[in-house]
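Student: Note that our numbering has the sequence shown beginning at 541, numbered continuously upward. We treat Cβ as the ideally placed atom computed from N, Cα and C, and that holds for glycine.
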Amino acid sequence: MKTELKAKFLQHLNQKKQEEGFTLIELLVVIIIIGILAAIALPSFLNQANKARESEAKSIVGSMNRAQQAFYLENQDFVGQADFTRLGLGIAKTTSNYSYVIDGGAATNDTAVTNQAQPVKGNQAPVRAYIGGVAVGTQGVGGEATTLASLCQAVDPPIKSGAAVNGAQKPGFSANAVPDCKAGTTGGKYDAIK
541 MKTELKAKFL QHLNQKKQEE GFTLIELLVV IIIIGILAAI ALPSFLNQAN
591 KARESEAKSI VGSMNRAQQA FYLENQDFVG QADFTRLGLG IAKTTSNYSY
641 VIDGGAATND TAVTNQAQPV KGNQAPVRAY IGGVAVGTQG VGGEATTLAS
691 LCQAVDPPIK SGAAVNGAQK PGFSANAVPD CKAGTTGGKY DAIK
């Protein structure tokens with residue numbers, strides 16, 4: 541009886557050893573699930589760096605718009621590219637990601653100006669261009685003159701590094717409406733940033 545008990549005990553231990561660990565199928569299923577999750581999350585994760593680069597342009601062009609409005613209210617004129625520092629923003633005309641350009645201004649009786657963020661040549665990441673527009677117009681029933689502004693971003697297709705914005709698209713202006721973002725005749729579409 542004792543030997544029979546020993547044999548059953550050894551058989552039980554041997555059977556238990558075979559049941560330990562993971563099968564090859566279980567490991568493959570786990571690897572496939574991890575691969576699917578990585579394929580979903582990785583593009584979103586890698587795009588975060590471009591969004592950070594683009595937020596620089598949004599912030600600076602928005603600040604340029606507000607500075608142009610303030611300058612116009614004080615001087616009845618807009619700042620041009622030659623007088624870029626008169627905006628008083630303390631920013632460089634060119635950063636590692638964008639070159640900032642003022643189109644218009646510096647002429648008497650200018651009623652509109654565009655502030656542009658153009659992607660810098662040599663920048664490896666494809667970033668979108670941004671254009672801000674400031675115009676003198678009227679809004680509402682009273683018909684009082686005021687400065688109106690808009691901020692537009694390139695959408696379709698994203699403008700690659702080194703592509704020029706000049707002439708491709710500028711916000712539309714009307715004496716009675718806010719500057720708007722519209723498709724240009726030679727460039728891509730721009731959407732308003734709200």
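If we count the other Cβ atoms within 10 Å of its Cβ and call it buried at 16 or more, is THR625 buried or exposed?
Tutor: When all chains shown are included, THR625 counts as exposed.
Student: Run the CB neighbour count on GLY673, radius 10 Å, all protein chains shown included, and call it buried at 16 or more, exposed below.
Tutor: It is buried - the Cβ of GLY673 has at least 16 other Cβ atoms within 10 Å.
Student: Determine, using beta-carbon pairs with one atom in the region 609 to 627 and one in the region 568 to 586, whether at least three such pairs fall under 8 Å.
Tutor: Result no; under three Cβ-Cβ pairs closer than 8 Å.
Student: Hey, LEU688 and GLY677: beta-carbon distance below 7 Å or not?
Tutor: Yes; because the gap between Cβ atoms is below 7 Å, this pair is in contact.
Student: Quick check on the DSSP output: the alpha helix (DSSP H) that includes GLN609 runs from which residue to which?
Tutor: Run containing GLN609: 564 to 615, per the alpha helix (DSSP H) assignment.
Student: Sort out for me which residues DSSP pairs GLN656 with in a bridge.
Tutor: Beta-bridge pairing links GLN656 to VAL641, ILE671.
Student: At a cut of 8 Å, does the region 574 to 583 reach the region 633 to 640 through at least three beta carbon pairs?
Tutor: In short, these stretches do not touch, since the Cβ pair count stays below three.
Student: Going straight from the alpha carbon of ALA607 to that of TYR670, what length do you get?
Tutor: Cα-Cα distance, rounded: 17 Å.
Student: Between ALA581 and ASN587, what straight-line distance do the alpha-carbon atoms span, to the nearest angstrom?
Tutor: The straight-line gap from Cα to Cα measures roughly 10 Å.
Student: Applying the 10 Å Cβ sphere with the 16-neighbour rule, what's the burial state of ASN615?
Tutor: Under this definition ASN615 is an exposed residue.
Student: Confirm, please, whether the CB-CB distance from GLY602 to VAL619 is below 7 Å.
Tutor: Taking 7 Å as the Cβ cut-off, VAL619 and GLY602 do not qualify as a contacting pair.
Student: GLY683 bridges to which residues according to DSSP?
Tutor: According to DSSP, GLY683 bridges with nothing at all.
Student: Between the Cα of ALA622 and the Cα atoms of SER599, HIS552, VAL641, which residue gives the shortest distance?
Tutor: Cα-wise, what sits closest to ALA622 is VAL641.
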